[in-house]
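Student: Chains D and B are the protein sequences, given in the same order.
Sequential numbering from 1 applies to the first sequence in the working numbering.
Sequential numbering from 1 applies to the second sequence in the working numbering.
Below you will find the structure I want to go over with you.
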Amino acid sequence: MIWPPSFVHVERDGLGLWLPVFLLWPLLLLGLLLAVLAAGVALLVLQPRSLPLALDVGSELLRLLCSTRGTRVEVAPADDFARPIVVTVH
Amino acid sequence: MNEERRRILDMLAAGKIGAAEAEQLLSALESKVPPATAPAAAGAKAPRYLRVLVEGYQDGAHPGGGKVNVRVPMELLRAGVKLAALLPAGVSDQINAALHQKGIDVDVSKIKPGNLEDIVEQLRDLTVDVDGPAGEHVRVFCE
């Protein structure tokens, strides 16, 4: 099982900053539950046949979020004296 | 394509042998080939990341040429393809039209997770190098 990102590391001018993204997990879980409930009720009323598809999309979205771990973006400005900005998802 | 394989196909094209005979000959040829490449491929480590490097982009505001280095986990690509496979037809059409406008003729509804595995397999030994009109150099590879 893979988990959502725990930390995001931002590095600029030689200074690194660890952002504890895991603190947002409870909010994320709450938002996900509310979204699933709202979508479920709406689909049951409007399009009952689309409910399994909506659940699949929800789980795949969560998987997409979890799969962002390991993503790294480094941008070095054109100016030779400027240091690169590096963002890494852990 | 090796010489023997080409000869069989030439004979088939010239009508000297039938399709069934050509198939028999080709399968006999394949069974003759030593399986030296198979263990190497199986033993090789599967790539975990897709890397995109853009270097030397120049424009009026940034004459020196900047650098962008992006590392994307393969798992993220897999998840994206799985999500794309769930898209309704109407949404896929809109995405296809937008890609077509950018000069990319791809039908996203036909990209399945199995296809991605094939692409990843091929990317293991492949590096894409592109020199752009603005002086940038783009390199895409797996690691």
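C-beta: ideal position from N, C-alpha, C; glycine also.
All values reported here derive from a predicted model rather than from experimental measurement.
What residues of chain B sit near Val21 of chain D, judged by a beta carbon separation below 9 Å?
Tutor: In chain order: nothing, as chain B lies at least about 16 Å away.
Student: Under 8 Å, Cβ to Cβ, is there at least one residue of chain B near Pro48 of chain D?
Tutor: No - not a single Cβ of chain B is within 8 Å of the one on Pro48 of chain D.
Student: Helix, strand or coil, according to DSSP, for Pro52 of chain D in the structure here?
Tutor: helix
Student: Helix, strand or coil for Ile8 of chain B? Go by DSSP, reduced to three states.
Tutor: helix
Student: Between the C-alpha atoms of Pro88 of chain B and Lys16 of chain B, what's the straight-line distance to the nearest angstrom?
Tutor: 50 Å
Student: 8 Å is my cut-off, CB to CB: does Arg71 of chain B come that close to chain A?
Tutor: The chain inventory of the structure shown lacks chain A, comprising the protein chains D and B.
Student: Closest to Ser92 of chain B by CA distance: which of B:Lys110, B:Val70, B:Val140 and B:Arg124 is it?
Tutor: B:Lys110
Student: Output the boundary residues of the alpha helix (DSSP H) element that contains Gly114 of chain B.
Tutor: Pro113 to Leu123
Student: Using only the heavy atoms of the ligand ZN, determine whether one of them is closer than 7 Å to the beta carbon of Ser109 of chain B.
Tutor: Although the ligand ZN was asked about, the structure shown includes no ligands whatsoever.
Student: Opposite Glu11 of chain D in the DSSP bridges: which residues?
Tutor: D:Gly16 and D:Val86
Student: Quick check: is the beta carbon of Leu64 of chain D nearer than 8 Å to any beta carbon in chain B?
Tutor: For Leu64 of chain D, the nearest beta carbon of chain B is closer than 8 Å to its own beta carbon.
Student: Helix or strand or just coil, what does DSSP make of Ala76 of chain D?
Tutor: strand
Student: Is Gly114 of chain B close to chain D, meaning its C-beta is less than 8 Å from at least one C-beta of that chain?
Tutor: no
Student: Helix, strand or coil: which one does DSSP assign to Asp93 of chain B?
Tutor: helix
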